[in-house]
Amino acid sequence: MSATITSQTGARYAGVLGIGSYRPRRVVPNAEILEHIDSSDEWIQTRSGIKERRWASEDETVLMMSVNAAKDALEDSGIDPAQVGCVIVSTVTHLYQTPAIATRVAVEVGAPTAAAFDVSAACAGFCYGVALANDMIRGGSAKYVLAIGVERLSDLTDRTDRSTAFIFADGAGAAVVGPADEPGIGPVVWGSDGTQHEVISQKESWQEAAGSYNWPHLRMDGNPVFRWASFEMAKTAQQALDVAGVKAEDLDLFVPHQANMRITDAMRRTLKLPDHVKVARDIERQGNTSAASIPLAITAMREAGEAKSGDLALIIGFGAGLVYAAQVIRLP
Amino acid sequence: MASTEEIRSNLAEIVNEIAGIPVEDVQLDKSFTDDLDVDSLSMVEVVVAAEEKFDVKIPDDEVKNLKTVGDAVAFIERAQNG
């Protein structure tokens, strides 16, 4: 008779214990974008809500921004970094196939032996990371998890593409997830639709780019993405509320991925959110930072006094894949 | 089956709700972009709302052909009858 395998379980509930972010220093106004595309400040603002964005300087690497956001989140949580059992970094702009950037982030934040890996879930990356962290803690594979979203999308932005040049931006955000006395993270509603893999994608593979002067860039087919995000994703957001047993009127905050202000407005209308629910509009000053946008928006709302500890927030990430994930969280 | 005028009037309400255009301005001869200032993203929203309201499918490829309110009303009429 062979031996039986001992199983384990973790904490009964998990919650977000700390949130942090890093914003690159350099502010890039629409005027600078307009040096390379035939458009106007008014057109950019009416189509996207973006007035300015942040682009990383040379020293503001994916690693540097990740570490700063993670340290900010750890400080917010009060958790000793040595207790972190896993570091998850969601990014599509760490331009090395291997190793994952998460291992170096783990060392730099003071969790040098934590499990560490990267996730490629584009603009849904932060919500994917939080979902994984929630399950790891309840499954017993880590006591505390750092879930980071980081991008330097300016590296993959075609400055001459008038449909995307003004959208993409850089930054990092992070959450510390750990055990909680009551559920702090609702069940995730997530999924993908690979039949639409081409509507947002990297134009050329690295292999195609090698040996040519075509540095790969991101491309996006705006109208189908807008349609999917504004309407299908509103349904996903509603499902996340339903499975968490939270009604729209119970919410304090709605923090969708900061893709485009028009998508945020359309989702808000479709969800029929009551007026007291504060809606994240960080895109106006920060642009679209993919996996980093949700934690960046939450920290901005905290700094503006719009978000406070204990608030219930509906978060939803959606993007290239297509992939999506939504959950209700209670803010630390 | 809804009459042309009923469809136009329901569509006008949708355009009003999404783009804030007065319902009386949404007439058959009006161009969505040139006369009513409905941009491409608002047009997507109008199309989705119209699909729901009139129980029809308006494919993405078709949207670019719907230049005037009359084009949209005619498409919806055909789709409902088809």
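In order, the protein sequence lines correspond to chains S and F. Residues in the first sequence are numbered consecutively from 1, following full-length UniProt numbering. Residues in the second sequence are numbered consecutively from 1, following full-length UniProt numbering. Glycine residues also receive a C-beta, built at the ideal position from the N, C-alpha and C atoms. No experiment lies behind these values; they were computed from the predicted model shown.
Residues near S:GLN238 in its chain [Cβ-Cβ closer than 7 Å; skip 5 each side]
As a working mapping, residue 238 of chain S is identified with position 238 in the first sequence. Excluding residues within five positions, the ones whose Cβ falls inside 7 Å are LEU271.
Quick one: Cα of S:ARG219 to Cα of S:VAL62, how far?
For the purposes of this step, residue 219 of chain S is taken as the residue at position 219 of the first sequence. For the purposes of this step, residue 62 of chain S is taken as the residue at position 62 of the first sequence. When rounded, the distance between both Cα atoms is 21 Å.
Establish whether the CB of F:VAL11 and some CB of chain S are separated by less than 7 Å.
Within the second sequence, numbered from 1, the residue matching residue 11 of chain F stands at position 11. At residue 11 of chain F the sequence reads Leu, which differs from the Val that was named. Judged by the 7 Å Cβ criterion, F:LEU11 is not in contact with chain S.
At a cut of 8 Å, does the stretch 189 to 205 of chain S reach the stretch 22 to 42 of chain F through at least three beta carbon pairs?
no
For S:ARG281, would you say it is in contact with chain F, using Cβ-to-Cβ distances shorter than 7 Å as the test?
As a first step, residue 281 of chain S is located in the first sequence; it is residue number 281 there, counting from the start. No, because no Cβ of chain F sits closer than 7 Å to the Cβ of S:ARG281.
Among the candidates S:THR264, S:SER154, S:GLN8 and S:ALA297, whose CA atom is the shortest distance from the CA of S:TRP215?
Locating residue 215 of chain S in the first sequence gives position 215, where the first residue counts as 1. Of the candidates S:THR264, S:SER154, S:GLN8 and S:ALA297, the one whose C-alpha sits nearest the C-alpha of S:TRP215 is S:SER154.
To the nearest angstrom, how far is the alpha carbon of S:ASP80 from that of F:LEU11?
For the purposes of this step, residue 80 of chain S is taken as residue 80 along the first sequence, with counting starting at 1. For the purposes of this step, residue 11 of chain F is taken as residue 11 along the second sequence, with counting starting at 1. If I take the Cα positions, the gap works out to 59 Å.
Between the stretch 47 to 56 of chain S and the stretch 23 to 38 of chain S, do three or more beta carbon pairs fall short of 8 Å?
yes
Environment of S:THR113 [buried if 16+ CB atoms lie within 10 Å]:
Walking along the first sequence from the start, residue 113 of chain S turns up at place 113. Label assigned to S:THR113: exposed.
Taking the alpha carbon of F:VAL73 as the reference point, which residue from F:ILE18, F:ASP39, F:GLU17 and F:PHE32 has its own alpha carbon closest?
The residue labelled residue 73 of chain F in the question sits at position 73 within the second sequence. For F:VAL73, the nearest C-alpha among the options comes from F:PHE32.
Span of the alpha helix (DSSP H) around S:ARG330:
Position 330 of the first sequence, counting from 1, holds the residue named residue 330 of chain S. Here S:ARG330 belongs to no alpha helix (DSSP H); instead the beta strand (DSSP E) covers 323 to 330.
Shorter than 7 Å from the beta carbon of F:VAL48 to some beta carbon of chain S?
In the second sequence, the residue the question calls residue 48 of chain F occupies position 48. With 7 Å as the cut-off, F:VAL48 counts as an interface residue toward chain S.
Specify the secondary structure class of S:ALA14 as computed by DSSP and reduced to three states.
The residue labelled residue 14 of chain S in the question sits at position 14 within the first sequence. Looking at S:ALA14 - three-state DSSP - the assignment turns out to be strand.
DSSP beta-bridge partners of S:LEU253
On the first sequence, residue 253 of chain S is found 253 positions in, with the first residue counted as 1. Answer by DSSP bridge pairing, in chain order: S:LYS278 and S:ALA313.
S:THR195 versus S:MET233: straight-line alpha-carbon distance, rounded:
Taking the first sequence and counting its residues from 1, one reaches residue 195 of chain S at position 195. Taking the first sequence and counting its residues from 1, one reaches residue 233 of chain S at position 233. Answer to the nearest angstrom: the Cα atoms are 16 Å apart.
Candidates S:GLY149, S:TRP43, S:SER66 and S:ALA69, of which the one nearest S:ALA165 by Cα:
By 1-based counting over the first sequence, the position of residue 165 of chain S is 165. Selected option, being the one with the closest Cα: S:TRP43.
Taking 7 Å as the CB-CB limit, is S:PHE226 close to chain F?
On the first sequence, residue 226 of chain S is found 226 positions in, with the first residue counted as 1. Taking Cβ atoms only, chain F reaches closer than 7 Å to S:PHE226, which makes this a yes.
Helix, strand or coil: which one does DSSP assign to S:SER212?
Start at 1 with the first residue of the first sequence, and residue 212 of chain S comes out as number 212. Residue state, collapsed to three classes: coil.
Just to make sure I have the definition right: I need the residues of chain F whose C-beta is within less than 8 Å of the C-beta of S:THR46. Which are they?
Working through the first sequence from its first residue, we reach residue 46 of chain S at position 46. Result: ASP39.
Short CB-CB distance (under 7 Å) between F:ASP60 and chain S
As a first step, residue 60 of chain F must be located in the second sequence, where it is residue number 60. Taking Cβ atoms only, chain S reaches closer than 7 Å to F:ASP60, which makes this a yes.
Quick check: is the beta carbon of S:ALA259 nearer than 7 Å to any beta carbon in chain F?
The residue labelled residue 259 of chain S in the question sits at position 259 within the first sequence. Cβ-Cβ to chain F under 7 Å: no for S:ALA259.
When the distance is taken between beta carbons, is S:ILE137 closer than 7 Å to S:ALA11?
Within the first sequence, the letter at position 11 stands for residue 11 of chain S. Within the first sequence, the letter at position 137 stands for residue 137 of chain S. Yes, these two residues count as a Cβ contact at 7 Å.
List the endpoints of the continuous alpha helix (DSSP H) containing F:GLY70.
Residue 70 of chain F sits at position 70 when you count from the first residue of the second sequence. 69 to 81 is the span of the alpha helix (DSSP H), which, as asked, contains F:GLY70.
If you draw a straight line from the alpha carbon of S:THR46 to that of S:ALA248, how long is it in whole angstroms?
For the purposes of this step, residue 46 of chain S is identified with residue 46 of the first sequence, where counting begins at 1. For the purposes of this step, residue 248 of chain S is identified with residue 248 of the first sequence, where counting begins at 1. Computed Cα separation, rounded: 27 Å.
Neighbourhood of F:GLU77 by C-beta distance below 7 Å, restricted to the same chain and skipping five residues each side
What you label residue 77 of chain F is simply residue 77 of the second sequence in a count that begins at 1. Around F:GLU77: THR4 and ILE7.
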